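In the order they appear, the protein sequences are chains A and B.
FYI, the numbering for the first sequence is 2 to 601, going by the numbering used here.
FYI, the numbering for the second sequence is 2 to 601, going by the numbering used here.
Positions of the beta carbon are idealized from the N, C-alpha and C atoms, including for glycine.
Treat the numbers as computed from the prediction; the structure is a model and nothing was measured.
Notes for the one structure printed next.
Number of protein chains: 2
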Amino acid sequence: MPYKAAKCQLIYKGFGLKIIIHQTHHKIADFKSIFKYLEENFKKPEKGIHIFPELFLTGYPLLDLCLQKPFVAKYQAFLEKLIHWSHSLPKDVYLLMGGLEYNLTQSGIPMTIKNVVFGVSNSFQGESLYAKKLLPNYDIFDEKKYFTKGREPQVIEVFDKKIGLLICEDMWASSFHDIDPVDDLQKFCQSREIQLDAVVNLSASPFIINKHKSRLERAVEISCLFQCPFIYVNRVGGEDEILFDGRSFAVDGERKLFEGKKFRGDILELDFPEKSQQYSTKPNSKSLTWEELFQARLNEEVQPAILRKWNNHECQEVLEALAFGFQEYASKNGFQKFTIALSGGMDSAMVLTIIKLSLKKGQSVEAIYMPSIHSSSLSYDLCFDLCQRLGVKLTTMPIKFLHSAAKNLFGQSFNDPFKGLSDENIQSRLRGVLLYGRTNQVNSMAVNTSNKSELAVGYSTQYGDSVGAISLLGDLYKSEVYALAHYINEFYQEPIPPKLIHRPPTAELRADQKDEDSLPPYAILDAILEGILSYRYSKEDLLQKGFDQEDIDKVFTLYARSEYKRYQFCPIIKISSKSFGFGYRIPLSSDKTFYNQSDQ
Amino acid sequence: MPYKAAKCQLIYKGFGLKIIIHQTHHKIADFKSIFKYLEENFKKPEKGIHIFPELFLTGYPLLDLCLQKPFVAKYQAFLEKLIHWSHSLPKDVYLLMGGLEYNLTQSGIPMTIKNVVFGVSNSFQGESLYAKKLLPNYDIFDEKKYFTKGREPQVIEVFDKKIGLLICEDMWASSFHDIDPVDDLQKFCQSREIQLDAVVNLSASPFIINKHKSRLERAVEISCLFQCPFIYVNRVGGEDEILFDGRSFAVDGERKLFEGKKFRGDILELDFPEKSQQYSTKPNSKSLTWEELFQARLNEEVQPAILRKWNNHECQEVLEALAFGFQEYASKNGFQKFTIALSGGMDSAMVLTIIKLSLKKGQSVEAIYMPSIHSSSLSYDLCFDLCQRLGVKLTTMPIKFLHSAAKNLFGQSFNDPFKGLSDENIQSRLRGVLLYGRTNQVNSMAVNTSNKSELAVGYSTQYGDSVGAISLLGDLYKSEVYALAHYINEFYQEPIPPKLIHRPPTAELRADQKDEDSLPPYAILDAILEGILSYRYSKEDLLQKGFDQEDIDKVFTLYARSEYKRYQFCPIIKISSKSFGFGYRIPLSSDKTFYNQSDQ
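And the structure:
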């Protein structure tokens with residue numbers, strides 16, 4: 002039975018048919034800017050099919066915002082405006098836009114919400130074409146909390162071209178789920194004898210290191226399945242922890258037709274891609290949702306070394322991601338000034354370097370160094386050297402006097418001046434006070450300097466060195482911070498003093514302290530942590546991998562008892578499949594003995 | 002067609018058939034204690050049917066724990082042990098237990114997880130009887146993230162009695178969902194001509210003020226629908242924010258047969274309830290999930306005054322809930338000592354009072370008062386009076402010297418001593434440092450003293466007065482804290498100085514400061530906030546309710562710009578349907594202008 006999608010049929014009177022990819026970059030719920038974008042870009046629109054990302058009309062992720070009455074009301078009003086606006090569009094322009102479709106109660110409260118594609122032309126009435134079928138609900142994703150899934154595949158016919166529609170996760174097949182939107186679409190086309198001219202996927206796909214490679218591989222697979230080009234449109238933005246990297250693309254079989262910019266808005270225009278007629282025959286692989294790409298890491302057979310060293314390409318990708326995430330958080334929350342507390346160690350030096358390298362016009366960063374009686378002169382020298390190289394103003398605020406004043410106060414009040422851990426923590430917390438005093442004074446933003454290894458074992462002081470508005474390094478193990486430092490020094494004119502990189506890590510909270518006195522060497526610590534977090538290894542698994550029993554026990558103990566520190570931590574820019582933060586949810590008050598081996 | 006459930010049929014040889022309710026109280030994942038409980042209570046078990054709560058075998062909520070390999074392995078080993086143990090049970094004992102049923106990959110990773118009822122007898126082989134059908138996924142609930150829903154209703158036949166099974170949310174009908182387990186069970190019984198002898202619901206149902214009344218109402222409805230007793234078993238526990246209050250019960254029609262203790266483990270034994278033969282005919286109401294009870298508040302027609310004053314019964318319930326939640330967090334995280342920072346104001350006085358009233362053997366609480374140059378002598382007098390009344394040791398640690406030392410340091414380092422907000426915040430943060438210095442010194446737990454009104458408008462200093470391991474008052478508006486204070490003073494021998502209650506609220510961070518200089522009066526503020534949070538009102542809605550435009554604008558502005566403070570806040574003991582914390586998820590970096598009225 003031949004298929005005809007009457008609703009969307011338009012007759013194109015131009016010459017070659019164009020595809021225009023709008024790789025957009027808007028703040029969540031910023032309806033004004035979104036509308037302004039449309040007004041500005043459609044004064045004299047390019048004739049053809051304009052494709053926008055998933056939830057272009059609202060931004061993503063919205064979380065509870067999509068349930069709020071003021072948000073819903075504003076969005077509904079915006080949709081009305083969009084409908085009105087669309088009626089002035091020329092006849093030879095067709096827009097595919099991601100948005101929300103609400104079913105509201107009489108009092109304006111959502112009954113159901115669908116994540117949909119709107120087909121916008123000059124006869125647009127506000128009805129959607131297609132609703133997302135595969136709602137991701139793992140790790141950072143909670144789409145089943147908010148959205149109702151779509152049930153039907155969709156092929157639209159625009160300007161004589163037959164286009165299959167998908168939204169983001171829909172492209173990832175699954176053996177875990179009972180839903181496979183690609184498979185459904187294929188069966189739909191087969192049963193109706195439809196030969197597609199393109200498959201289009203509107204996405205809001207979070208950045209993870211090396212994820213883009215998997216997107217391209219899967220795209221080739223889908224292109225070959227349908228024997229037509231596959232067009233992928235992704236949004237751009239940093240939403241607290243989550244980054245959207247853009248890089249919209251099209252492939253036709255193995256051939257990549259174009260790729261959009263990384264971490265930047267972009268508009269791409271191309272002729273409607275001709276079919277290559279050369280498609281390899283590939284089966285629809287069934288283990289490629291992100292959930293399963295994550296699960297697959299747990300499969301003993303496919304498992305490589307636990308923690309692989311980043312190559313230059315990966316270092317560059319991470320550097321761009323962190324700079325972008327930082328800039329997004331800063332601009333969306335209204336900060337132009339930044340204050341970094343330097344310690345003379347690697348992490349704070351790295352944060353300052355990334356910020357300095359990413360500064361935009363009108364922005365400034367300053368550094369403060371807050372030595373205590375345990376701080377070495379080397380630390381000051383390295384901070385000084387770093388700031389010289391970066392051209393950043395450094396202010397020294399010794400905490401010696403405050404520290405001893407606090408100590409005296411305890412002596413007077415409790416007849417018990419603190420020592421040991423209390424004494425270490427108070428130094429770190431006094432630094433937190435001074436850092437935040439400074440941010441209040443000049444209305445700057447404090448950026449956190451903790452790394453993932455510290456966060457995992459609780460090797461930081463709550464309300465002390467763990468403070469900050471956002472964490473740049475919270476998803477990088479210490480050894481990854483070092484890898485990034487070497488890369489930056491090689492390719493960015495050595496902003497970091499080599500001595501600083503080669504110095505053994507120390508918190509300098511007591512005399513002659515070194516991290517490795519309390520922790521296993523970072524190479525081992527980080528591998529064990531990656532085993533626990535990403536591979537969900539048990540102690541037995543790690544023992545089998547050749548790690549030392551004592552190291553394993555120590556790391557598990559430290560990890561299990563520091564949940565409370567992670568609970569109150571700031572948002573962490575996510576670059577890996579498993580980061581601490583929103584997608585990591587462990588109860589604080591549970592019994593922790595189950596981490597011990599089975600006989601214990 | 003008459004129905005016979007062969008699998009579970011046992012022949013009871015005793016006299017009257019007993020039902021034994023195990024209202025249990027265990028730490029999450031504490032398999033040792035759970036097994037010990039079984040061993041101790043089944044040495045010479047009461048003959049009859051023993052009923053345990055939902056997920057008795059693991060605890061609830063598990064969040065990501067249920068995905069962790071070490072947890073899964075330990076649980077599977079525990080299940081094996083349970084199977085072995087069950088074979089020594091006498092023939093006339095049958096247990097209904099909540100637990101998890103895993104479908105694992107070869108490498109021990111969960112493919113699917115079901116929240117089930119196990120029927121445990123001496124022939125138990127580890128297979129479940131019933132899987133939960135309605136998986137709550139709103140607010141604090143994320144069950145669709147972890148669990149696969151069950152599809153079939155279940156009636157079992159034990160000792161000649163036919164029992165219909167439900168798990169927690171299953172009992173709440175819904176017009177939003179396409180699933181109604183009660184309706185399904187009824188149709189199942191009708192089609193097979195089954196007349197049930199009881200409906201049993203295994204629950205892990207979080208406490209919310211006044212929720213228990215709704216449970217009982219719905220129970221009567223279900224009992225009447227099936228014309229048989231309804232037995233409800235609930236767990237006990239405080240899991241970070243979420244409290245489980247127990248209060249297991251049975252009803253037969255309108256008649257309540259028994260009710261278990263509140264916030265305490267309990268074992269209840271009764272003869273298998275005879276049918277009353279007097280059931281009113283009630284329809285299966287279709288708007289009673291908790292999701293909808295929450296939604297219903299948004300229905301203009303049923304809406305009462307926004308914020309109703311608590312009666313004595315409600316005050317007592319809240320007081321018990323807070324004391325229980327505090328004790329649970331403390332004991333599960335290994336604290337026996339507590340340190341409270343007193344300000345001379347209502348919130349810290351309330352926190353100290355609740356803790357002191359709830360102290361157990363071996364526990365102790367101390368208070369510290371940290372006056373600055375802006376603190377009045379009245380504040381000290383009130384702290385002194387409070388501690389005298391409560392019998393708590395009070396230590397004064399003036400921050401004047403530290404404060405001026407910090408000020409001098411800024412003067413020296415930046416040639417700019419701070420003033421205004423910077424000066425206010427630094428006092429609050431220095432107090433945080435001293436409070437945490439003290440907790441480190443004596444290994445005590447700092448309890449947060451913020452209330453819900455402050456949290457909502459960001460009227461607190463991050464890392465200052467907002468610190469703490471857990472928040473007792475974070476789900477109480479300021480006016481509710483006052484209501485509780487009046488109640489406590491009336492019924493608990495006036496532990497709080499009346500002068501303290503009648504003093505106008507002040508942060509004392511600058512001269513002559515009063516809260517009402519920066520905020521609307523609390524009665525108005527709290528009503529507007531409840532409108533925003535629980536009713537999801539827009540500005541227009543609140544204007545229609547008669548609030549002042551200026552107050553509304555101010556509250557929305559303060560609310561929208563303080564998300565970052567709430568993000569890093571400690572767990573909040575939840576007592577209302579909408580609290581800040583795990584079930585409240587708003588992006589930090591979104592545009593906030595949509596809160597403004599439509600013409601703006």
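Check, Outcome
"Length at least 4, wholly inside the stretch 368–453 of chain B: the alpha helix (DSSP H) runs in chain order", "378–391, 401–415, 421–443"
"Any chain A beta carbon closer than 8 Å to Asp241 (chain B)", "yes"
"Helix, strand or coil at Gly584 (chain B) [DSSP, three-state]", "coil"
"Among B:Thr340, B:Phe250, B:Pro372, B:Asn409, the one whose alpha carbon lies nearest that of Asn441 (chain B)", "B:Thr340"
"Cutoff 6 Å; reference Ser461 (chain B); Cβ partners in own chain excluding five residues on either side", "Ser451, Glu455, Ser467"
"Beta-carbon proximity check, Ser445 (chain A) vs Phe325 (chain A), cutoff 8 Å", "no"
"Span of the alpha helix (DSSP H) around Ile35 (chain A)", "32–42"
"Cβ pair Phe160 (chain B), Val200 (chain B) closer than 8 Å", "no"
"Min CB distance Gly120 (chain B) to chain A below 8 Å", "no"
"contact_flag[the stretch 84–97 of chain A, the stretch 114–121 of chain A] where n(CB pairs < 8 Å) is 3 or more", "yes"
"Neighbour-count burial assignment, Met172 (chain B), 16 or more Cβ in a 10 Å radius", "buried"
"8 Å Cβ shell around Gly266 (chain A) - same chain, five flanking residues per side excluded", "Gln24, Thr25, His26, Val237, Gly247"
"CB contact below 8 Å: Met398 (chain B) versus chain A", "yes"
"Bridge-paired residues (DSSP) for Phe339 (chain A)", "A:Val366, A:Met446"
"Beta carbon proximity, Pro1 (chain A) to chain B, threshold 8 Å", "The structure shown does not extend to residue 1 (chain A), since chain A is modelled only from 2 to 601, so the question has no answer here."
"Limits of the beta strand (DSSP E) - the one that Ser129 (chain A) falls within", "129–132"
"C-beta neighbour in chain A for Glu329 (chain B), strict 8 Å", "yes"
"Neighbouring residues, chain A, relative to Ala74 (chain B) (Cβ below 9 Å)", "Ser539, Glu541, Phe595, Ser599"
"Below-8 Å beta-carbon distance, Ser591 (chain B) vs any chain A residue", "yes"
"Touching by the beta-carbon criterion (3+ pairs, under 8 Å), the stretch 76–86 of chain A and the stretch 123–134 of chain A", "yes"
"Selection from B:Tyr131, B:Lys48, B:Asn42 that minimises the alpha carbon distance to Glu55 (chain B)", "B:Tyr131"
"Contact under 8 Å by Cβ, Asn104 (chain B) with Lys145 (chain A)", "no"
"Contact residues within the stretch 453–470 of chain A, judged by C-beta distance below 8 Å to chain B", "Gln463, Tyr464, Val468, Ala470"
"Bridge partner(s) assigned by DSSP for Ser204 (chain B)", "B:Asn235"
"Selection of the stretch 212–238 of chain B by Cβ proximity to chain A, strictly under 8 Å", "none"
"Of the residues A:Lys500, A:Tyr560, A:Leu485, A:Lys546, the one placed nearest Leu520 (chain A), counting alpha carbons only", "A:Tyr560"
"Enclosing alpha helix (DSSP H) for Lys145 (chain A) [first to last residue]", "144–147"
"Own chain residues within Cβ distance below 6 Å of Phe419 (chain A), not counting five before or after", "Phe411"
"DSSP three-state assignment for Asn490 (chain A), whether helix, strand or coil", "helix"
"Contact between the stretch 30–38 of chain B and the stretch 72–82 of chain B (3+ Cβ pairs under 8 Å)", "yes"
"Proximal chain A residues relative to Asn104 (chain B), where beta-carbon distance stays under 7 Å", "None at all; the shortest Cβ gap to chain A is about 10 Å."
"Contacting residues, own chain, Cβ-Cβ under 6 Å from Asp476 (chain A) (five flanking each side not counted)", "Lys453, Ile573, Lys575, Ile576, Ser577, Ser580"
"Chain-ordered chain B contacts of Gln442 (chain A) [CB-CB under 8 Å]", "Phe411, Phe415, Asp417, Phe419, Ser423"
"Range covered by the alpha helix (DSSP H) that runs through Lys75 (chain A)", "70–87"
"Pair within 8 Å by beta-carbon distance, Lys515 (chain A) and Thr507 (chain A)", "yes"
"Coil, strand or helix - Thr113 (chain A) by DSSP", "strand"
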